[in-house]
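Be aware that the sequence shown starts at 1, since it is given in UniProt numbering, and climbs by one per residue. Structure first, commentary second.
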Amino acid sequence: MPSRILVFSELFYPHGSGAELATWLYSKLLANEGFKVTVVTTKFPGESSHELLSNGVEIYRIPMKMVLYGTRYYTLANLGVLLSSFINKLIKQNDVVYIPGGWYSVIPIAKINRKPVILHVHNYSLTCPTSLMYDFEKQKIGPSPLKSFIIHEMIERRRKAGSVVGSAFVNELIGKHYSRLGALADALIFVSHAQRNLVVSKSPHLRDKSYVIYNPIPDLPYIKAESKGIGYFGGKSFAKGFHILIKALKSIQNNNANITVFMTKISEKPYTIKLRNGVVVNLLPRVKSLEEFVNKIACTIIPSIWPEPLPYALIESMLHGKLIIASNIGGIPEIVAGAGYGVKLIKPGDYNAIADGIMAFKSLTLEEANELGIKNREHIIQKFNNRRTISTFISVLDRIYSQ
């Protein structure tokens, strides 16, 4: 049985988003099970190069070149880091290499050292250059050809023309080859059945080494709503349906709607917009924790148009006891299946359905909304069991280590 796990993650919590939160939770759970967990990640200004956490997780932060940062090729520009004697020593000292992100370039190095590799797939980077499995040209689920990739870089990542051309060139030159590196892993862990099925439909040769394990859930409290505000946490992302939600809010016919919406990751400083129909939209910067204002909301809207594998914004909102209006896409239906009246699924892109959902939510009393929110929390706690999650993960570790 393996006892030492080496994690290569471009970002590590509190940096990043859902994938990094999952990696942090896995690291803690594995350490609690007696594994020696060592993390290699990017060093940012003001951070220490080495840190040993109280739970035994050891972190090495490595200075990295910011060339191609934010793309899946970022680690290729830092290949020299992987070829260093220090990294080579770490690989030799550990039993299993665990890659919960896009650091595919470490896989052949690990294999040269005869170390088994687990690749944790939190997106669609194995089969899609944008990692989203969404065609921005045809506006439908599927791999992203060149034109779609360029549109993605311009509207989703808001890159300048020179950067877009550079990214497109790199993607056309090495994209397919880079994805093949991921296929060299001994095990691929997907976070939902919907995600796995979509990837395997494009790459059937990955089926036999693929597993589905739901991500661990954070320990979050129930927070009773003090008002019937609505939350959206996807920023200005086209893929997360920001434009769809704006259309939905503007389409509400009631001239005295009395609806308050809180949107995060929108602006550098908070400011408020009041629409003609009485909808008040509070535009907020990125927040460290939803707990900062989650008592003001009773409902979360997730209007994604891309097949999100397992959105933490949904899970965290339900753990906090919030009602849900969400797109029926990706792993979302898996999360909420059986949740009951506290969840409304809508067709992706259907802003009228979102508006109808908002008005149905508005018809509830605050007490009714909180009662349904409690049931949503209970649903998540019953469906996601961290003990079961880590036990299944360890069984995969054992399987590839004994091969």
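Ideal Cβ positions, reconstructed from N, Cα and C, are used throughout, including at glycine. Nothing here was measured: the structure is a model prediction, and the numbers come from that model.
Nearest to C128 (by Cα), restricted to the options R180, I335, F12:
R180
I273: first and last residue of the uninterrupted beta strand (DSSP E) it sits in
271-274
From which residue to which residue does the alpha helix (DSSP H) around I358 run?
351-362
Between V294 and V281, how many whole angstroms is the CB-CB distance? I'm expecting something under 8 Å.
With 8 Å as the limit, V294 and V281 do not qualify as a contact, their Cβ atoms being about 17 Å apart.
Identify the residues that DSSP records as bridge partners of K344: which are they?
I325
Can you give the Cα-Cα distance for L126 and Y222, rounded to whole angstroms?
So the two alpha carbons sit approximately 36 Å from each other.
Is the number of C-beta pairs between the region 316-328 and the region 257-275 that are closer than 8 Å three or more?
no
Sort out for me which residues DSSP pairs E58 with in a bridge.
In the DSSP output, where bridge partners are listed per residue, E58 has T38, L52.
Candidates M64, V57, L53: which alpha carbon is nearest P45's?
M64
Which residues in the same chain have their Cβ closer than 6 Å to the Cβ of L52, if we skip the five residues on either side of it in sequence?
Within the same chain, Cβ atoms closer than 6 Å to the Cβ of L52 are found at E58, the five residues on either side in sequence being excluded.
Once the 5 residues before and after N113 are set aside, which same chain residues still bring their CB inside 8 Å of it?
The beta carbon of N113 sits closer than 8 Å to those of N88, I91, K92, all from its chain and outside the five residues before and after it, given in chain order.
Taking DSSP's pairing of strands, which residues face L283 in a bridge?
M263, Y271
Considering Y98, what are the terminal residues of the beta strand (DSSP E) in which it resides?
96-99
Going by beta carbon distance, what residues of the same chain come within less than 7 Å of S203, once the five residues before and after it are set aside?
L126, T127
Who are the Cβ neighbours of S227 in its own chain at under 6 Å, not counting the five residues just before and after it?
K296
Bridge partners of H120, per DSSP?
I189
If you run the structure through DSSP and keep just helix, strand and coil, what is A298?
strand
Using C-beta distances below 6 Å, list every residue in its chain close to K147, excluding the 5 sequence neighbours before and after it, in chain order.
E137
Would you kindly report the start and end of the unbroken beta strand (DSSP E) that includes G231?
For G231, the enclosing beta strand (DSSP E) covers residues 229-232.
Would you kindly work out how many angstroms separate the C-alpha atoms of F238 and I155, rounded to a whole number?
7 Å
State whether the region 268-280 contacts the region 329-346, with contact taken as three or more CB pairs (one from each stretch) at a distance under 8 Å.
With a cut-off of 8 Å, the region 329-346 and the region 268-280 do not count as touching, because too few Cβ pairs lie within range.
Hey, would you say Y401 sits closer than 7 Å to P108, going by beta carbons?
no
Is there contact here, the region 365-375 with the region 300-311, by at least three beta-carbon pairs under 8 Å?
no
Considering only residues of the same chain and omitting the five flanking positions on each side of K322, which have a CB-CB separation below 8 Å?
A225, G231, V294, I297, A298, C299, T300, G373, N376
Using only the alpha-carbon positions, how far apart do F12 and L220 sit?
Those two C-alpha atoms are separated by around 20 Å.
Report buried or exposed for G340, applying the criterion of at least 16 other Cβ atoms within 10 angstroms of its Cβ.
exposed
Taking contact to mean at least 3 C-beta pairs separated by less than 8 Å, is the region 206-221 in contact with the region 244-257?
No contact exists between the region 206-221 and the region 244-257.
According to the neighbour-count rule (16 or more other Cβ atoms, all chains shown, within 10 Å of its Cβ), is D135 buried or exposed?
buried
What do you reckon, are the CB atoms on L188 and K160 nearer than 7 Å?
no
Buried or exposed for I118, please, with buried defined as at least 16 other CB atoms from any protein chain shown within 10 angstroms of its CB.
Classification of I118: buried, given that the 10 Å Cβ count is 16 or more.
Are K30 and V37 close, meaning C-beta to C-beta below 7 Å?
Per the sequence shown, residue 30 should be read as Leu rather than Lys. Yes, Cβ-Cβ distance for L30 and V37 is below 7 Å.
On the CB-based measure, 16 or more other CB atoms within 10 Å of its CB, does K140 come out buried or exposed?
Exposed.
Which term fits T365, buried or exposed, when burial requires 16 or more other beta carbons within 10 angstroms of its beta carbon?
The residue in question, T365, is exposed, as its Cβ has fewer than 16 Cβ neighbours within 10 Å.
Among L206, L6, I150, H243, which has the Cα closest to the Cα of N352?
H243
Would you say V97 and L25 are within 7 Å of each other, going by their C-beta atoms?
no
Below 7 Å between beta carbons: does that hold for T130 and S105?
no
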